[in-house]
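**Student:** If you scroll down you'll find the structure; I have some questions about it.
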Ligand code: FES
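In our numbering, the protein residues as written are 182 to 287.
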């Protein structure tokens with residue numbers, strides 16, 4: 182499953198992810214800058230904030246309520262495309278996913 186991370190300045194990094202891994206874990210495992218993931222995926226921080234690319238919002242689906250609440254603490258602007266990347270699991274349907282990263286996570 183491939184995922185592309187687009188940094189705040191437009192740099193693109195495409196990595197191979199393990200099926201079932203989260204977008205957050207995949208970023209950490211591949212040293213992608215721009216995702217911190219302080220709580221390790223427990224939905225207790227908001228340092229894994231990402232913006233799902235417009236082309237992928239339908240496939241990724243909407244965030245859950247708790248995720249929205251946690252995002253209120255995110256340092257960057259929260260939009261309709263904002264998700265906690267630890268809550269997006271990479272399935273074959275998401276092969277080719279593109280996410281955009283905010284300027285700051287903390
Ligand atoms: Fe903490 Fe996603 S890693 S909420």
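C-beta atoms are modelled at their ideal positions from N, C-alpha and C, and glycine is treated no differently.
#1: Any chance the CB of residue 191 is under 8 angstroms from a heavy atom of the ligand FES?
#2: Put residue 207 into one of helix, strand or coil per three-state DSSP.
#3: For residue 220, I'd like the list of residues in its chain whose CB is within less than 6 angstroms of its CB, leaving aside the five on either flank, ordered along the chain.
#4: Starting from residue 279, trace the beta strand (DSSP E) both ways and give me its first and last residue.
#5: Cβ atoms of residue 245 and residue 222: under 9 angstroms apart, would you say?
#6: With a cut-off of 8 angstroms on the beta carbons, I'd call residue 215 and residue 265 a contact; round off their distance for me.
#7: Residue ranges of each beta strand (DSSP E) run of no fewer than 3 residues wholly in the region 211-247, ordered along the chain?
#8: How far does the beta strand (DSSP E) with residue 270 in it extend, from its first residue to its last?
#9: Have a look at 232, 184, 250 and flag the residue whose alpha-carbon is nearest the alpha-carbon of residue 210.
#10: Can residue 265 be considered in contact with the ligand FES, in the sense that its beta carbon sits closer than 8 angstroms to one or more heavy atoms?
#11: Classify residue 287 as buried or exposed, calling it buried when 16 or more other Cβ atoms lie within 10 Å of its own Cβ.
**Tutor:** With the given structure in hand:
#1: Numbered from its first residue, the chain shown carries residue 191 at position 10. Residue 191: no, Cβ never under 8 angstroms from the ligand FES.
#2: The count along the chain shown starts at 1 and reaches residue 207 at position 26. Three-state result, residue 207: helix.
#3: In the chain shown, residue 220 corresponds to position 39, counting from 1. Hits under 6 angstroms: 226.
#4: Working through the chain shown from its first residue, we reach residue 279 at position 98. Element bounds for residue 279: 278-281.
#5: As a position in the chain shown, residue 222 is number 41, starting the count at 1. As a position in the chain shown, residue 245 is number 64, starting the count at 1. At least 9 angstroms separates the beta-carbon of residue 222 from that of residue 245.
#6: Position 34 of the chain shown holds residue 215. Position 84 of the chain shown holds residue 265. Between the beta-carbon of residue 215 and that of residue 265 there is about 14 angstroms, and that puts the pair past the 8 angstroms contact cut.
#7: 230-233
#8: Against the chain shown, residue 270 aligns to sequence position 89. Note, residue 270: premise wrong, no beta strand (DSSP E); not H, not E.
#9: Walking along the chain shown from the start, residue 210 turns up at place 29. Answer by Cα proximity: 184.
#10: Residue mapping note: residue 265 aligns to position 84 of the chain shown, counting from 1. Yes, Cβ of residue 265 sits closer than 8 angstroms to a heavy atom of the ligand FES.
#11: As a position in the chain shown, residue 287 is number 106, starting the count at 1. Exposed.
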